[in-house]
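Here the structure is laid out as structure tokens; the discussion comes afterwards.
There are 4 protein chains.
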Amino acid sequence: MQIGMVGLGRMGANLSRRLMRAGHEVVAFDINTGAVNALAQDGAVGVTSLDELIARLAPPRAIWLMLPHGDNTENSLQFIAQRLQRDDILIDGGNSHFHDDVRRAAQLAERGIRYLDVGTSGGVHGLERGYCLMVGGDASAFERLDPIFSTLAPGRGDIPATGSREGFDRRAEQGYLYCGPAGAGHFVKMIHNGIEYGMMQAMAEGFDILRNAGKSSLPEGHRYDFPLADVAELWRRGSVVSSWLLDLTAEALAENPTLSRFSGVVEDSGEGRWTVQAAIDEAVPAEVLTAALFARFRSRQDHTFAEKLLSAMRYKFGGHVEKPA
Amino acid sequence: MQIGMVGLGRMGANLSRRLMRAGHEVVAFDINTGAVNALAQDGAVGVTSLDELIARLAPPRAIWLMLPHGDNTENSLQFIAQRLQRDDILIDGGNSHFHDDVRRAAQLAERGIRYLDVGTSGGVHGLERGYCLMVGGDASAFERLDPIFSTLAPGRGDIPATGSREGFDRRAEQGYLYCGPAGAGHFVKMIHNGIEYGMMQAMAEGFDILRNAGKSSLPEGHRYDFPLADVAELWRRGSVVSSWLLDLTAEALAENPTLSRFSGVVEDSGEGRWTVQAAIDEAVPAEVLTAALFARFRSRQDHTFAEKLLSAMRYKFGGHVEKPA
Amino acid sequence: MQIGMVGLGRMGANLSRRLMRAGHEVVAFDINTGAVNALAQDGAVGVTSLDELIARLAPPRAIWLMLPHGDNTENSLQFIAQRLQRDDILIDGGNSHFHDDVRRAAQLAERGIRYLDVGTSGGVHGLERGYCLMVGGDASAFERLDPIFSTLAPGRGDIPATGSREGFDRRAEQGYLYCGPAGAGHFVKMIHNGIEYGMMQAMAEGFDILRNAGKSSLPEGHRYDFPLADVAELWRRGSVVSSWLLDLTAEALAENPTLSRFSGVVEDSGEGRWTVQAAIDEAVPAEVLTAALFARFRSRQDHTFAEKLLSAMRYKFGGHVEKPA
Amino acid sequence: MQIGMVGLGRMGANLSRRLMRAGHEVVAFDINTGAVNALAQDGAVGVTSLDELIARLAPPRAIWLMLPHGDNTENSLQFIAQRLQRDDILIDGGNSHFHDDVRRAAQLAERGIRYLDVGTSGGVHGLERGYCLMVGGDASAFERLDPIFSTLAPGRGDIPATGSREGFDRRAEQGYLYCGPAGAGHFVKMIHNGIEYGMMQAMAEGFDILRNAGKSSLPEGHRYDFPLADVAELWRRGSVVSSWLLDLTAEALAENPTLSRFSGVVEDSGEGRWTVQAAIDEAVPAEVLTAALFARFRSRQDHTFAEKLLSAMRYKFGGHVEKPA
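Residue numbers (this note's numbering), protein chains in the order written: chain A, 1 to 325; chain B, 326 to 650; chain C, 651 to 975; chain D, 976 to 1300.
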């Protein structure tokens, strides 16, 4: 199939490559012409403007936006939408908020343009492993683009089949799924990332306790100097916590057991925040997902104002003077 | 090798079977003679008393206790210890606290008896998948029992090798590891379970938000009826949250999408609690692991006294009268 | 001064009474004519429509809305606004979101109408104790209504003066304050309520631990049957936790030591949720305020889907079958 | 009455002074002779050894230990206990763990020595405000020392009486209370401090959100520069969060609105930790009290190992390179 790709960062470029390897035709645009040229060398049709991109695609078109969420995505999407026609498909494969999808889908539907929101997981390994695709929006558009999605997805691979799946959607087993109307794809991706934050934090706290078991303030008989890289490797086999995140932890600890190469300043993308907001909107208690988010907020500060106020109160009621760390 | 097994519950019996399948000789005891007979049918040497067990083992003996933690383990261990002799090995494969290991190891060492604490993960799947073994205690005893541990462990399997592991302990890749002096094995197992709680809770909260996205109090355009079993299956491929816990979630949701068969009353074993205590002893913040534990505590109550006090305060300052759920 | 009051629930009626006691004239409206009549008996000018209310007020008018937040407030506000003229003042004394204030203030400013958002704390005790007033919006409108605010506020009372307040706003010591431009009043009230949730939950958890110290599963020597009402009373004097919430706790426990009259189902108003959202928007870690909110969410459910999924996973990996509580 | 005081730090010295002002005789010892001399100038009988202290007290003696918890208290207590006789009373007014009280009380009871554990709250203001006293242990010893406790306690003061207290212990209204058998006093004090941590953290988080409302990354219309010292002062009157901690916050912010004098490194005494342990022992969910503790742990580190591991995982799956703060 033919598809237009807008945004050739790490994600967009690798999605394109995986499509081209399977014989799809990719018409590719980025404001960075170097990125366009690089992908053209790998077989893409490189274009130098969004107008040219639209002109090079045969209707009904399919255009995949893979841009940083926020103004970048919104502006490009609106620009392109004005130039599309009935039955063209516009895909936001980035990390937009599902509220934006609902709004855009309604707006585009007035002119017969079909909208899909595709949560895309895979990171730097997606080109080889495939991308897990969570799709929301126009159901017939999803069906029309099945060849694209099935190419991008990891496929069944050698992952053991789950029992009792008679009557369920077989595409889930290939690694892509129609999740529901507009916004459903990004909603599922949002929750995926929320869970990811929580699992990462669980792993991180556990290894932090292991590591601090060696500290000298502990009583002598209860002090341990654990081989962290080996523990991570060990748990990859037969344990309940085996997971891809553990695989990555094992790799990272083997390469750099003290993790001295990492600052510990941890960014958060929007999805972790939106997950908590969704939990609040639904009145669902989500302690772990929220604590994981807050740990990242905290990691980016030297000292919070809250902590200073704690010190101030302690000074006021108890005369305590805190010493610097 | 020859080994004595004390405690033939699900774990002890399956450990024995996995050993016997590989040609080891198991002398087996349980206070439940039915369990002894069942294992004898599978090839074990069944005995009817701890004295007989000791008598049937050739010195230097190795005896593996696989009993519920607490008095059961402690009493049996002390009973046996009094009948052992220099260089015999006593193994606690259950879930004891590492403080108990430190105490026991010192006590047994006075008489030349060697002690190993073995954290054992594997659950109902261990017989086939193998057991992940975290070993602490006497290092030479660990070496002597290598044939036992390597049989019980899952082995390398088809799990992709981690890079950069030159110079690390190769046994970790087989699924067993000497973690350090007395208590180190149970400490690592304790943290394993702590992480397990956190990962489970992250998964559970995420699916809770997905499920409640359909509830009628939400605004119409932002309401979704997600196919939860398919979402879980989808994430098994190419996503960041792929894990054994996700595999099990996918199974459970495929079999019973509403989870109506489960009460939602969630027990906790001691390890989750001990993990938090270890974090506190080390002054390590462990929000996620603790929140996961507290969610279980809360699940076992109708209403907490704390909640009633909240209602009472709200009544007192605002005249609010809460209605039953 | 003359003021219009719209909404004669517990809050609106008592605000009116406190104003009338000090000689202010209140023109009062509610869709419930019984509420209008009751207040008229206490000296208010009762009116039967918003049009009549506007007609009875001498320009430049001041109209205070004290309605449930959401559509009630918004619709009444828009209806009234269309009938006001330059320099009239419209006050939202309810619990609106500060985003709504920003929007309304800009909209009304186009026609020269002045808008104030007033966070009002005081509950059922406000009539006697006075109301703590957090005001945002048009600064000159705030000045014009100073006689109203100073009447409603508690005043200096016998609360000990804070040192080092030279150069600060003296009105804060009277219990009312201009907090900043549109939305600032409701923002400060929102945070007030967020802190309130956190303090309440801290108190509630502490008493929950005290109460459960008596439970029979604890070791005998470490079991206590604490006189909770006396403990609350005790802490009112000389302790660090002395507070109005503690005063109320002491009252509630004296009247009903087991709190058996309270269900433990705990509602939340919007402000607790908005506080967490504000924290997330600002990337401020707010564990305690969030945990307090989630405890309320949890209190309103029998069992969460999350808990059922925990049970399901435990069954899948360990064969554990949870029993009902 | 006559009483011996051991430990003349800020707490012990001021307790002594408050007793002497009321006419009690204090025999005082500290290893720091300067502290002894200072108190002797205020009227105490200064002694230079524990033996002398015991000799100077008329049987049946009452000796109050006010020492840092841990070895200091334990060693002095054991030293003194060996020199006491039947019916003497030994009081630990410090912050010992209630388990230690249970052990000590049983040990001393064998020789007829009476033991009281007294949780003492009051800080630097106690000399003037009085001390809130939570007493556990030998009930008849408590009665015998009533003159001491009633002198130290704040008394009824001008705090409004709580309704419905007929039939309750009147001493609670004076600020001292017999809480139960050995350990009960320190248990109640432990929970008091746990609640204190939670309330402090609630206050601190709220002010942190207020302060960060001004940060430049927020959208312009929704940005506020709140007068924090005035907000704190405001809430002291008529609001739900009025409390002694708020009084102190108002003072601290008036003196130093940016809190630049405080590092934000926050120590924790043992009680916060013990509170969480008690919650875990009782299976009581205590999210807020625990989060407050963990916030302090986190405040004392530059970056946690957990945070570095988060960075490492993010690098591994997404190629993300975190920048230093």
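Glycine included, every Cβ here is placed at the ideal spot set by N, Cα and C.
Could you tell me whether the Cβ of residue i comes closer than 8 Å to any Cβ of chain C?
i	result
Leu-1091 of chain D	no
Phe-98 of chain A	no
Leu-618 of chain B	no
Phe-168 of chain A	no
Val-188 of chain A	no
Nearest-angstrom Cα distance between residue i and residue j?
i	j	result
Ala-360 of chain B	Gly-371 of chain B	9 Å
Asn-745 of chain C	Glu-846 of chain C	15 Å
His-1100 of chain D	Met-313 of chain A	13 Å
Phe-1124 of chain D	Ala-1019 of chain D	18 Å
Ala-865 of chain C	Val-1259 of chain D	In the sequence as displayed, the identity of residue 865 of chain C is Lys instead of Ala. The straight-line gap from Cα to Cα measures roughly 11 Å.
Ser-260 of chain A	Lys-1283 of chain D	8 Å
Leu-795 of chain C	Ile-741 of chain C	10 Å
Ala-942 of chain C	Leu-1264 of chain D	10 Å
Asp-225 of chain A	Ala-213 of chain A	7 Å
Arg-21 of chain A	Ser-568 of chain B	28 Å
Consider the Cβ of residue i: report whether some Cβ of chain B lies at a distance smaller than 8 Å.
i	result
Met-853 of chain C	yes
Gly-7 of chain A	no
Glu-917 of chain C	yes
Ile-148 of chain A	no
Pro-877 of chain C	no
Ala-729 of chain C	With the sequence shown as reference, residue 729 of chain C is identified as Phe, and Ala is not the correct amino acid for it. Not one chain B Cβ lies under 8 Å of Phe-729 of chain C.
If distances are taken between C-alpha atoms only, which option among the options comes closest to residue i?
i	options	result
Arg-1089 of chain D	D:Thr-1095, D:Leu-1221, D:Val-1077	D:Val-1077
Ile-704 of chain C	C:Asp-692, C:Gln-735, C:Ala-803	C:Gln-735
Asp-268 of chain A	A:Val-135, A:Met-190, A:Gly-119	A:Met-190
Val-768 of chain C	C:Arg-779, C:Ala-755, C:Ala-759, C:Gly-762	C:Ala-755
Ala-232 of chain A	B:Val-556, B:Tyr-501, B:Glu-545	B:Tyr-501
Val-513 of chain B	A:Arg-170, A:Ala-172, A:Gln-174, A:Phe-207	A:Phe-207
Lys-983 of chain C	B:Val-590, B:Phe-642, B:Asp-606, B:Leu-618	Outside the displayed span of chain C (651 to 975) sits residue 983 of chain C, for which this structure offers no information.
Val-604 of chain B	A:Glu-282, A:Leu-234, A:Leu-15, A:Glu-205	For the record, residue 604 of chain B in the displayed sequence is Ala; it is not Val. Residue A:Glu-205 is the option with its Cα nearest to Ala-604 of chain B.
Leu-210 of chain A	A:Leu-77, A:Pro-257, A:Arg-170	A:Pro-257
Ser-374 of chain B	B:Gly-595, B:Leu-452, B:Val-352	B:Val-352
Gly-548 of chain B	A:Ser-242, A:Ala-202, A:Ala-184	This sequence places Arg at residue 548 of chain B; Gly is not what is there. Here the closest residue by C-alpha is A:Ala-184.
Leu-65 of chain A	A:Pro-59, A:Thr-73, A:Ala-58	A:Thr-73
Arg-1211 of chain D	C:Gly-780, C:Ala-902, C:His-674, C:Ala-852	C:Gly-780
Gly-523 of chain B	C:Leu-960, C:Thr-683, C:Gly-968, C:Ile-730	C:Leu-960
So that I know if they touch, is there some Cβ in chain A lying closer than 8 Å to that of residue i?
i	result
Thr-954 of chain C	yes
His-1295 of chain D	yes
Along the chain, where does the alpha helix (DSSP H) that runs through residue i open and close?
i	result
Leu-896 of chain C	894-905
Phe-1237 of chain D	Here Phe-1237 of chain D belongs to no alpha helix (DSSP H), and DSSP marks it neither H nor E.
Glu-377 of chain B	375-381
Ile-516 of chain B	509-537
Ile-148 of chain A	146-152
Leu-333 of chain B	Careful: Leu-333 of chain B lies outside any alpha helix (DSSP H) and carries neither H nor E.
Gly-126 of chain A	126-129
Gly-359 of chain B	358-366
Going by DSSP, what residue range makes up the beta strand (DSSP E) through residue i?
i	result
Gly-1111 of chain D	1107-1112
Ala-977 of chain C	Since the first and last residues shown for chain C are 651 and 975, residue 977 of chain C lies out of range.
Leu-234 of chain A	First-last for Leu-234 of chain A: 228-235, but that is the alpha helix (DSSP H), not the beta strand (DSSP E).
Leu-177 of chain A	176-180
Of all the CB atoms in chain D, is at least one closer than 8 Å to the CB of residue i?
i	result
Ile-414 of chain B	no
Task: Every unbroken beta strand (DSSP E) within the stretch 48-120 of chain A, with a cutoff of 3 residues, ordered by chain - done: 62-65, 89-92
Task: Contained alpha helix (DSSP H) runs [length at least 4] in the stretch 921-971 of chain C, N- to C-terminal order - done: 937-949, 955-968
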